[in-house]
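Numbering (the numbering used here), first residue to last: 1 to 81.
Right under this line is the structure:
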């Protein structure tokens, strides 16, 4: 069970990191819905990579939280509306 909890902590508590990532994913989803169709997927992917890298470099998030939320985002996109 110890492999689930990240060893390296960010400046923000883990629960707040997960909530922040959820809002970031929802923001990227809204941005991709409001852009033209041929640009939406690539802009969402590039935006997610840039935001995730920035958040890790600044120390807000730990890389494990980004990995966990990537699995959650893929699962959300796989579900039917």
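Think of the CB as a built atom: it goes at the ideal place given N, C-alpha and C, for glycine as much as any other residue. In this text, all values refer to a predicted model and were calculated from it rather than measured experimentally.
Do you know offhand how far residue 70's Cα is from residue 37's?
22 Å
For residue 14, which of 50, 68, 49 has the nearest alpha-carbon?
Ranking 50, 68, 49 by Cα distance to residue 14 puts 68 first.
Counting along the chain, where does the alpha helix (DSSP H) carrying residue 17 start and finish?
14–33
Between the beta-carbon of residue 59 and the beta-carbon of residue 28, is there less than 8 Å?
no
Please name the residue, chosen from 52, 35, 78, 31, that lies closest to residue 18 on a Cα-to-Cα basis.
52
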